[in-house]
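K.L.:
I have a structure I would like to understand better, so I am pasting it below and will then ask my questions one at a time.
6 protein chains.
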Amino acid sequence: MDTQRYERGWKKLEEIDGDAGKNVMESLKDIAPDLGRYIIEFPFGDVYSRPGLDLKSREIATVAALAALGNARPQLKVHIHGALNVGCTREEIIEIMIQMAVYAGFPAALNGVFAAKEVFAERDNSHQPN
Amino acid sequence: MDTQRYERGWKKLEEIDGDAGKNVMESLKDIAPDLGRYIIEFPFGDVYSRPGLDLKSREIATVAALAALGNARPQLKVHIHGALNVGCTREEIIEIMIQMAVYAGFPAALNGVFAAKEVFAERDNSHQPN
Amino acid sequence: MDTQRYERGWKKLEEIDGDAGKNVMESLKDIAPDLGRYIIEFPFGDVYSRPGLDLKSREIATVAALAALGNARPQLKVHIHGALNVGCTREEIIEIMIQMAVYAGFPAALNGVFAAKEVFAERDNSHQPN
Amino acid sequence: MDTQRYERGWKKLEEIDGDAGKNVMESLKDIAPDLGRYIIEFPFGDVYSRPGLDLKSREIATVAALAALGNARPQLKVHIHGALNVGCTREEIIEIMIQMAVYAGFPAALNGVFAAKEVFAERDNSHQPN
Amino acid sequence: MDTQRYERGWKKLEEIDGDAGKNVMESLKDIAPDLGRYIIEFPFGDVYSRPGLDLKSREIATVAALAALGNARPQLKVHIHGALNVGCTREEIIEIMIQMAVYAGFPAALNGVFAAKEVFAERDNSHQPN
Amino acid sequence: MDTQRYERGWKKLEEIDGDAGKNVMESLKDIAPDLGRYIIEFPFGDVYSRPGLDLKSREIATVAALAALGNARPQLKVHIHGALNVGCTREEIIEIMIQMAVYAGFPAALNGVFAAKEVFAERDNSHQPN
Numbered sequence: 001m002d003t004q005r006y007e008r009g010w011k012k013l014e015e016i017d018g019d020a021g022k023n024v025m026e027s028l029k030d031i032a033p034d035l036g037r038y039i040i041e042f043p044f045g046d047v048y049s050r051p052g053l054d055l056k057s058r059e060i061a062t063v064a065a066l067a068a069l070g071n072a073r074p075q076l077k078v079h080i081h082g083a084l085n086v087g088c089t090r091e092e093i094i095e096i097m098i099q100m101a102v103y104a105g106f107p108a109a110l111n112g113v114f115a116a117k118e119v120f121a122e123r124d125n126s127h128q129p130n
Numbered sequence: 001m002d003t004q005r006y007e008r009g010w011k012k013l014e015e016i017d018g019d020a021g022k023n024v025m026e027s028l029k030d031i032a033p034d035l036g037r038y039i040i041e042f043p044f045g046d047v048y049s050r051p052g053l054d055l056k057s058r059e060i061a062t063v064a065a066l067a068a069l070g071n072a073r074p075q076l077k078v079h080i081h082g083a084l085n086v087g088c089t090r091e092e093i094i095e096i097m098i099q100m101a102v103y104a105g106f107p108a109a110l111n112g113v114f115a116a117k118e119v120f121a122e123r124d125n126s127h128q129p130n
Numbered sequence: 001m002d003t004q005r006y007e008r009g010w011k012k013l014e015e016i017d018g019d020a021g022k023n024v025m026e027s028l029k030d031i032a033p034d035l036g037r038y039i040i041e042f043p044f045g046d047v048y049s050r051p052g053l054d055l056k057s058r059e060i061a062t063v064a065a066l067a068a069l070g071n072a073r074p075q076l077k078v079h080i081h082g083a084l085n086v087g088c089t090r091e092e093i094i095e096i097m098i099q100m101a102v103y104a105g106f107p108a109a110l111n112g113v114f115a116a117k118e119v120f121a122e123r124d125n126s127h128q129p130n
Numbered sequence: 001m002d003t004q005r006y007e008r009g010w011k012k013l014e015e016i017d018g019d020a021g022k023n024v025m026e027s028l029k030d031i032a033p034d035l036g037r038y039i040i041e042f043p044f045g046d047v048y049s050r051p052g053l054d055l056k057s058r059e060i061a062t063v064a065a066l067a068a069l070g071n072a073r074p075q076l077k078v079h080i081h082g083a084l085n086v087g088c089t090r091e092e093i094i095e096i097m098i099q100m101a102v103y104a105g106f107p108a109a110l111n112g113v114f115a116a117k118e119v120f121a122e123r124d125n126s127h128q129p130n
Numbered sequence: 001m002d003t004q005r006y007e008r009g010w011k012k013l014e015e016i017d018g019d020a021g022k023n024v025m026e027s028l029k030d031i032a033p034d035l036g037r038y039i040i041e042f043p044f045g046d047v048y049s050r051p052g053l054d055l056k057s058r059e060i061a062t063v064a065a066l067a068a069l070g071n072a073r074p075q076l077k078v079h080i081h082g083a084l085n086v087g088c089t090r091e092e093i094i095e096i097m098i099q100m101a102v103y104a105g106f107p108a109a110l111n112g113v114f115a116a117k118e119v120f121a122e123r124d125n126s127h128q129p130n
Numbered sequence: 001m002d003t004q005r006y007e008r009g010w011k012k013l014e015e016i017d018g019d020a021g022k023n024v025m026e027s028l029k030d031i032a033p034d035l036g037r038y039i040i041e042f043p044f045g046d047v048y049s050r051p052g053l054d055l056k057s058r059e060i061a062t063v064a065a066l067a068a069l070g071n072a073r074p075q076l077k078v079h080i081h082g083a084l085n086v087g088c089t090r091e092e093i094i095e096i097m098i099q100m101a102v103y104a105g106f107p108a109a110l111n112g113v114f115a116a117k118e119v120f121a122e123r124d125n126s127h128q129p130n
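Protein chains in written order, with UniProt numbering: chain C, 1 to 130; chain H, 1 to 130; chain E, 1 to 130; chain U, 1 to 130; chain W, 1 to 130; chain Y, 1 to 130.
Laid out in structure tokens, this is it:
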């Protein structure tokens with residue numbers, strides 16, 4: 001195991017996903033711990049740690065893709081949190097969803113907006129600033 | 001017909017997609033001119049003209065979504081051009097595709113990279129600066 | 001804002017989706033009111049108001065597409081209601097789902113049938129005639 | 001093998017898909033003849049032969065679903081032919097594609113329209129009446 | 001109706017899906033009994049009864065496809081049960097999901113793992129050996 | 001860079017994909033070399049190198065998923081080669097595609113069979129034994 005890569009990934013996961021990311025890791029521990037390790041190493045240790053595209057833009061890309069695919073609601077919610085954590089405003093999140101109406105249809109946009117609504121409520125309840 | 005909306009949309013289409021957008025409109029003329037009009041009015045006149053998310057971020061979202069869905073290659077190519085036209089660098093385009101390996105799998109990322117390679121060659125051939 | 005288009009769309013929304021459509025609009029009010037306005041203007045004011053394909057056939061196309069995509073269950077249910085509201089029989093709804101077994105696989109057909117089962121029960125409970 | 005079912009299916013295939021259907025069967029002969037037999041027996045012998053939804057509506061559902069999924073262009077073209085063969089007008093085909101802009105996004109609608117354009121040209125070239 | 005085919009299918013359904021399969025049939029009885037009959041006849045009576053690919057490999061293919069598509073969770077769970085019933089180990093199920101991270105992205109893999117976790121718990125609760 | 005992981009991945013890539021894999025790496029060199037490196041390290045160095053599921057079963061899962069998704073034809077062909085390289089028979093490949101008719105619809109199965117037909121011809125032309 002490449003410790004440096006793992007540590008870099010863990011820090012990135014904390015920075016982007018916060019507790020939500022740690023909860024996913026926790027829930028994988030008894031069933032697929034290696035998948036948890038790969039998530040830290042490859043997406044976070046390798047990809048999110050790359051220069052060439054800032055974190056905010058990476059999360060815009062991710063939120064857009066997950067809203068368009070429409071088949072991974074829990075991960076969409078984690079990444080709406082993530083996008084807000086790295087500098088997106090709530091308004092920008094809603095604009096991404098409206099943009100998806102054009103490319104993936106209005107049902108994708110609607111379900112994206114309703115996922116965002118839940119995320120915003122969760123953040124209001126835990127007194128997060130944005 | 002709402003002329004103002006149409007004109008605003010046409011300008012936005014020119015700004016983002018350039019000749020590629022006009023070619024799509026041209027090819028719709030004899031078969032589905034109203035779809036062409038709707039594209040100018042709704043995606044460009046309404047959505048791309050909104051404040052709240054800058055054009056570059058809108059194109060990042062679009063390129064990501066189309067690469068992830070993987071079922072609309074011509075439109076993916078048009079929007080790689082569009083992203084470059086509104087300020088994305090080639091490096092950023094490639095980074096979006098690598099980001100998609102995580103959320104839509106490596107085949108989506110590979111096909112996105114190969115679409116980008118074709119777009120970059122088209123731009124080199126027509127002596128575009130980026 | 002084009003008032004005529006909005007009003008035409010609102011009437012169409014009422015005709016097709018009834019209360020379900022109004023509930024969606026209501027739920028968008030505090031989070032993405034512009035997306036609600038676009039839904040009234042473009043899908044209902046523009047597309048559903050077009051001649052060239054009758055409303056019943058438009059809903060057959062919509063129910064088939066949403067069942068095949070399989071990633072937008074709330075909208076599938078709204079449009080099963082819509083299809084029944086504009087003249088489809090319950091038997092025709094079930095036949096659309098069986099047809100989808102061929103083109104999108106048996107899981108899509110099964111999930112479409114179970115969505116229809118819920119819709120039929122909702123209509124029985126509110127004493128709707130079909 | 002249930003001969004009656006096979007013969008009913010073959011007649012239905014001829015009625016809906018004409019030569020296009022027979023060409024598919026021919027191309028399966030040396031590689032997967034049983035898949036060819038199943039296609040005749042199940043989709044055509046069982047599903048398309050059912051009462052409860054007329055053939056034209058079945059093809060509207062199929063064209064809509066294949067345009068929305070966007071990942072099976074050859075079959076989309078076969079079924080645009082099929083829809084025209086069982087009574088759809090060219091205008092209705094285009095309307096189905098415009099309808100899909102709402103539920104699957106503009107790229108799906110555009111690619112559906114361009115597939116229809118090719119089918120209409122093929123029919124003009126072989127002097128088919130619609 | 002071809003009785004032999006139906007009986008062969010029913011036995012196959014029992015062998016692979018056990019009670020889960022019978023429950024699906026039961027739930028179709030009042031709403032779409034013919035879809036239930038087709039499921040027994042075509043997937044089970046025809047396809048799963050074919051030589052050329054062993055049952056365990058057929059279930060590996062099915063679990064992989066349903067996890068990758070990500071839009072049919074109930075059927076994914078039924079087929080994780082099915083795969084275990086015909087000889088897959090729990091470890092092999094988890095490995096299929098990790099394999100899907102590569103081809104359909106990490107969200108597909110995660111949701112596949114969590115579906116498996118539920119299935120394993122259901123089997124522990126009903127004292128099944130694997 | 002973790003050299004051991006890269007070397008293990010490269011060997012696995014050669015074993016499974018042969019020249020097709022090397023060609024993909026070659027084509028990435030000037031446009032996205034890091035994506036090439038990640039493909040060797042993560043899918044091949046990490047995932048395909050795992051115990052717990054034999055290589056043949058991993059390729060069955062991959063071919064099934066790519067045929068079901070239907071939006072990555074070049075990768076589907078590479079992995080039909082791969083499956084044959086690690087022990088699948090041509091008959092088994094066709095059976096996977098027929099299995100997909102049930103879970104992703106007949107168009108997915110047909111396009112999978114036609115991709116396999118091309119792969120088999122390529123192998124006949126280069127005198128490969130299976």
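All C-beta atoms, glycine included, are put in the ideal place defined by N, C-alpha and C.
Fair warning: this is a prediction, and the values are worked out from it, not measured in the lab.
#1: Taking only beta-carbon atoms, is residue 131 of chain Y less than 9 Å away from chain W?
#2: Please check if any C-beta of chain E sits within less than 9 Å of the C-beta of residue 120 of chain Y.
#3: Name the chain Y residues that come within less than 8 Å of residue 113 of chain H, Cβ to Cβ?
#4: Give the secondary structure of residue 119 of chain U by DSSP, where H, G and I count as helix, E and B as strand, and everything else as coil.
#5: Can you confirm whether the segment 21-36 of chain W touches the segment 19-27 of chain Y when touching is taken to mean that 3 or more C-beta pairs between the two stretches lie within less than 8 Å?
#6: For the alpha helix (DSSP H) containing residue 57 of chain Y, name the first residue and the last one.
#7: Measuring CA to CA, which of W:2, W:125, W:100 is closest to residue 53 of chain Y?
#8: For residue 97 of chain Y, which option in Y:77, Y:76, Y:79, Y:64 has the closest C-alpha, if you only look at C-alpha atoms?
#9: Specify whether the segment 6-19 of chain H and the segment 104-111 of chain C touch according to this definition: at least 3 beta carbon pairs, one from each stretch, less than 8 Å apart.
#10: Would residue 102 of chain Y pass as an interface residue toward chain E - the criterion being a Cβ-Cβ separation below 9 Å?
#11: Assuming residue 2 of chain E and residue 34 of chain H form a contact by the criterion Cβ under 8 Å, report the distance between their Cβ atoms to the nearest whole angstrom.
#12: If I follow the unbroken alpha helix (DSSP H) through residue 46 of chain W, where does it start and stop?
#13: Chain W partners of residue 105 of chain H, CB-CB under 7 Å?
#14: Is residue 85 of chain H near residue 15 of chain H, with beta carbons less than 9 Å apart?
#15: What residues from chain H crowd round residue 47 of chain C, counting only those whose CB sits closer than 8 Å?
#16: Please determine if the segment 75-84 of chain W and the segment 73-87 of chain U are in contact, where contact requires at least 3 C-beta pairs separated by less than 8 Å.
#17: What residue range is occupied by the uninterrupted alpha helix (DSSP H) comprising residue 24 of chain U?
#18: How many whole angstroms separate the CB atoms of residue 58 of chain Y and residue 48 of chain Y, which I take to be in contact at a CB cut-off of 8 Å?
#19: Taking the alpha-carbon positions, what's the residue 110 of chain H to residue 69 of chain C distance?
#20: In chain order, what residues of the same chain have a beta carbon less than 8 Å from the beta carbon of residue 41 of chain U, not counting five sequence neighbours either side?
#21: According to a CB-to-CB cut-off of less than 9 Å, which residues of the segment 62-79 of chain Y neighbour chain W?
#22: Going by C-alpha distance, which of U:89, U:87, U:112, U:39 is nearest residue 67 of chain U?
#23: Check whether the Cβ atoms of residue 50 of chain U and residue 95 of chain E lie closer than 9 Å to each other.
#24: In chain order, what residues of the same chain have a beta carbon less than 7 Å from the beta carbon of residue 127 of chain U, not counting five sequence neighbours either side?
#25: Please report the distance separating the alpha-carbon of residue 135 of chain C from that of residue 93 of chain C.
#26: Kindly list, in the order they appear in chain U, the residues whose Cβ is closer than 9 Å to that of residue 54 of chain W.
#27: Would you mind giving the Cβ-Cβ distance between residue 117 of chain W and residue 88 of chain W, rounded to the nearest angstrom? I have them listed as a contact below 8 Å.
#28: Please tell me whether residue 61 of chain C and residue 61 of chain H are closer than 9 Å, where the distance is taken between their beta carbons.
#29: Find the nearest neighbour of residue 175 of chain Y within the set U:114, U:74, U:125, judged by alpha-carbon distance.
#30: Would you report the Cα separation of residue 124 of chain E and residue 71 of chain C, rounded to the nearest angstrom?
#31: Give the interface partners of residue 38 of chain E over in chain H, defined as CB-CB distance under 9 Å, in chain order.
#32: May I ask you to report which of helix, strand or coil DSSP gives residue 75 of chain Y?
P.N.:
According to the structure data:
#1: Absent from the model: residue 131 of chain Y. The displayed extent of chain Y is 1 to 130, so no value can be given.
#2: no
#3: 28, 31, 32, 35
#4: Shown here, residue 119 of chain U sits in a helix according to DSSP, grouped into three states.
#5: no
#6: 55-69
#7: Nearest option by C-alpha distance: W:100.
#8: Measuring from the Cα of residue 97 of chain Y, the nearest candidate turns out to be Y:64.
#9: no
#10: yes
#11: Not confirmed; about 16 Å, so no contact.
#12: Run containing residue 46 of chain W: none; DSSP gives neither H nor E here.
#13: 102, 103, 104, 105
#14: Yes, the pair counts as a contact, with Cβ atoms nearer than the cut-off.
#15: 98, 99, 101, 102
#16: no
#17: 3-28 is the extent of the alpha helix (DSSP H) around residue 24 of chain U.
#18: The pair is a contact, with the Cβ atoms about 6 Å apart (cut-off 8 Å).
#19: 18 Å
#20: 2, 5, 6, 9
#21: Of all residues in the segment 62-79 of chain Y, 62, 63, 64, 65, 66, 67, 68, 69, 72, 75, 79 have a Cβ within less than 9 Å of some Cβ in chain W.
#22: U:112
#23: yes
#24: none
#25: Nothing can be reported for residue 135 of chain C, as the shown portion of chain C is limited to 1 through 130.
#26: Under the 9 Å cutoff, chain U gives no residues; its nearest Cβ is about 17 Å from residue 54 of chain W.
#27: Not quite, the Cβ-Cβ distance comes to about 15 Å (not below 8 Å), so this is no contact.
#28: yes
#29: For chain Y, the structure presents residues 1 to 130; residue 175 of chain Y sits outside this window and is missing.
#30: 30 Å
#31: What residue 38 of chain E touches in chain H: 42, 46, 47.
#32: In the structure shown, residue 75 of chain Y sits in a helix (DSSP, three-state: H, G or I).
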